[in-house]
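>
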Amino acid sequence: MTAKLTSLTAGMPIPFGGDRVALVSADLAAAFKPGDRLVVVQETGALLHIPAGVHDIASGAVARAYDAFRKLGEVGDEAISAFFEAFAANLESPAIWAEIARANTRDVEEARARGRSTTRLATDERMRADMVGGLRGWRDSPVRRGASLERIEHDGWSVEQATAPLGVVGFVFEGRPNVFADAAGVLRGGNTVAFRIGSDALSTAQAIVAHALEPALERAGLPIGAATLVESPSRAAGWAMFSDPRLSLAVARGSGAAVAELGAVARQAGIPVSLHGTGGAWMVADRAADPERFAAVVENSLDRKVCNTLNVCLIVRERAPQLVPLFLEALTRAGERRGQGCKLHVAQGDEGLLPEGWLNTLTTVRRAEGDVRELRAEILATSQLGREWEWEDTPEVSLKVIDTLDEAIALFNRYSPQFVASLISEDSEAHQRFYDHVNAPFVGDGVTRWVDGQYALNRPELGLSNWQNGRLFARGAVLAGDGVFTVRSRARQTDLGLRR
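Residue 612 in this note's numbering is what sits at position 52 of the sequence shown, and the numbering runs on without skipping anything.
1) Rounding to the nearest angstrom, what Cα-Cα distance links residue 842 and residue 813 in this structure?
2) Can you list, in chain order, the residues of its chain whose CB lies under 8 Å from that of residue 654, leaving out five sequence neighbours each side?
3) Determine the direct distance from the alpha carbon of residue 968 to that of residue 953, and round the result to whole angstroms.
4) If contact is defined by three or more beta carbon pairs under 8 Å, each pair taking one atom from either stretch, is the stretch 1011 to 1031 in contact with the stretch 872 to 889?
5) Mind reading off the beta-carbon distance from residue 955 to residue 895? Whole number of angstroms is fine, and I expect it under 8 Å.
6) Name the DSSP beta bridge partners of residue 960, please?
7) Just the C-alpha distance for residue 808 and residue 889, rounded to the nearest angstrom, thanks.
8) Start and end of the beta strand (DSSP E) containing residue 812?
9) Who pairs with residue 905 in a beta bridge, going by DSSP?
10) What would DSSP say about residue 1001, mapped onto helix, strand or coil?
11) In angstroms, rounded to a whole number, what distance separates the CA positions of residue 671 and residue 760?
12) Kindly indicate which residue of 649, 857, 818 and 851 has the alpha-carbon position closest to the one of residue 881.
13) Just to check my reading of the structure: residue 822 and residue 753 have Cβ atoms closer than 8 Å, yes? What is that Cβ distance to the nearest angstrom?
14) At what residue ranges does the stretch 608 to 651 contain a whole run of the alpha helix (DSSP H), taking only runs of 4 or more?
15) Are residue 879 and residue 900 closer than 8 Å when you measure CB to CB?
16) Closest to residue 933 by C-alpha separation, out of 788, 924 and 939, would be which residue?
17) Measure from the alpha carbon of residue 688 to the alpha carbon of each residue in 700, 717, 772 and 637, then state which is nearest.
18) Considering only DSSP beta bridges, list what residue 730 is partnered with.
19) Would you call residue 567 buried or exposed, if buried means 16 or more other Cβ atoms sit within 10 Å of its Cβ?
20) Is it the case that the CB of residue 683 approaches a heavy atom of the ligand GDP more closely than 7 Å?
21) Using alpha carbons as the reference points, say which of 579, 869, 908 and 777 lies closest to residue 642.
22) So residue 1014 is in the alpha helix (DSSP H); what residue range does that whole segment cover?
23) Could you say which of 662, 891, 578 and 609 lies nearest to residue 590 if we only look at CA atoms?
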């Protein structure tokens, strides 16, 4: 027997996980109205309230993308290429960009007034150029829709395996306007996308859609819903979208907890997911580290805060007297390049290696809410090494001294988000051991900031998969738009007498 949920009462038990219950809070009970929806996260028991109006907005966006997917099969690849060129040209237009910039200025001012981070929100000429470059990269990329993967010949018949569009991609990302180029990339393979941007950047997103994206779709002859924005500032819009079974793939980027929750919602709705929530790169300097190389890559891995920024540095004990001072100098220079100081978290037990003047000294640290006075160096429990420091302009990192390379690998595999690992060493055998045993999709021997689809592979990425929750997309750590496909099989028979 089933019935419609129309109300909640405070203290009402809601079963989850098979043998547990979550209790409805008084606030949730008061907010819930007839027509609203309740999503129960089976992993945690979180009760997610989706107001009817928000659900309708998200459902409408998915519906438009779903209808557009059916129509996109009738559109040639040349039209899709024309869309990317038109989108890029619109962003290059001074008049159109002025409209986008005005909306972005409003978003930035409002975010600052709320004490929110704006480091990834503000648009600039570099971001604009990257978006244009990414879109033209998709314009010129090989067409993979219907591409033959293999052909198996039999006596009297054959089977061909070919790529095919997957369907509607649901994409939730943080307030970074440049991600539009990443989201639009799924059209290259004949897919469509419904996306929600962080509330801080909603006005910017609406301006991009109105002045650049939708005119490009129309000019190229593509269905307007092929790339559609969920126009709601509510987080509930993401929950609603990721609960929609019309999605073929759910992709989420942003903060760790929010992304994990979105992934749980999608999985229990039967939708495959690609998640990237927790970032922060790790760097290891072993006994054979070159001092000059080490200092350079530390500084150049701290130019700005994004997911692949250096977050944790491990230095082997026998080289600590030489390399720790170089690390601190590089950290200081990275801050000075931004007109700032720096912030250090040193693992408990290693604080004695810091020079005088680091511990018990106050410094100015720029946070989202403004400049604050904090200790320049604080002691950190080893169990907290996995924490990602979300800094604004003041570089912030963790430091720990280790005895061996094997200890560094073990710490990475236990505490890190299993994302980016870099080994600074002149020992080729150490590099092979590190590569073989560190559980990371991205492994390097220098700066950590190379981990980016457009920078490394010339393809804007939908997301960079860490391995914190398993190797979900084993065929590649970078999920790009042209990597979203399924496989169809087609048989061709020449022998009319063929039978099993």
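Quick reminder that beta carbons are idealized off the backbone N, C-alpha and C, glycines included.
Put simply:
1) Here the alpha carbons of residue 813 and residue 842 stand approximately 20 Å from one another.
2) Leaving aside the five residues that flank residue 654 on each side, none in its chain has a CB nearer than 8 Å to its CB.
3) Here the C-alpha atom of residue 953 lies approximately 28 Å from the C-alpha atom of residue 968.
4) No: the two stretches stay apart, fewer than three of their Cβ pairs being nearer than 8 Å.
5) Their Cβ separation, rounded to whole angstroms, is 5 Å, which keeps residue 955 and residue 895 in contact under 8 Å.
6) Paired residue(s): 874.
7) Answer to the nearest angstrom: the Cα atoms are 48 Å apart.
8) Run containing residue 812: 807 to 813, per the beta strand (DSSP E) assignment.
9) Per DSSP, the beta-bridge partners of residue 905 are 938 and 958.
10) Here residue 1001 sits in coil by DSSP.
11) Going from the Cα of residue 671 to the Cα of residue 760 covers about 6 Å.
12) That would be 851, whose Cα lies nearest to the Cα of residue 881.
13) Contact between residue 822 and residue 753 does not hold, since their C-beta atoms are separated by about 16 Å, which reaches or exceeds 8 Å.
14) Listed in chain order, the complete alpha helix (DSSP H) runs (minimum 4 residues) inside the stretch 608 to 651 are 612 to 632.
15) Cβ atoms of residue 879 and residue 900: not closer than 8 Å.
16) Cα-wise, what sits closest to residue 933 is 924.
17) Just measuring C-alpha positions, the residue of 700, 717, 772 and 637 sitting nearest residue 688 is 772.
18) Among the bridge pairs identified by DSSP, residue 730 is matched with 754 and 810.
19) Classification for residue 567: exposed.
20) As far as ligands go, the structure on display features none, and thus does not contain the ligand GDP.
21) Shortest Cα-Cα distance from residue 642 to any of 579, 869, 908 and 777 involves 777.
22) Run containing residue 1014: 1013 to 1017, per the alpha helix (DSSP H) assignment.
23) It is 609.
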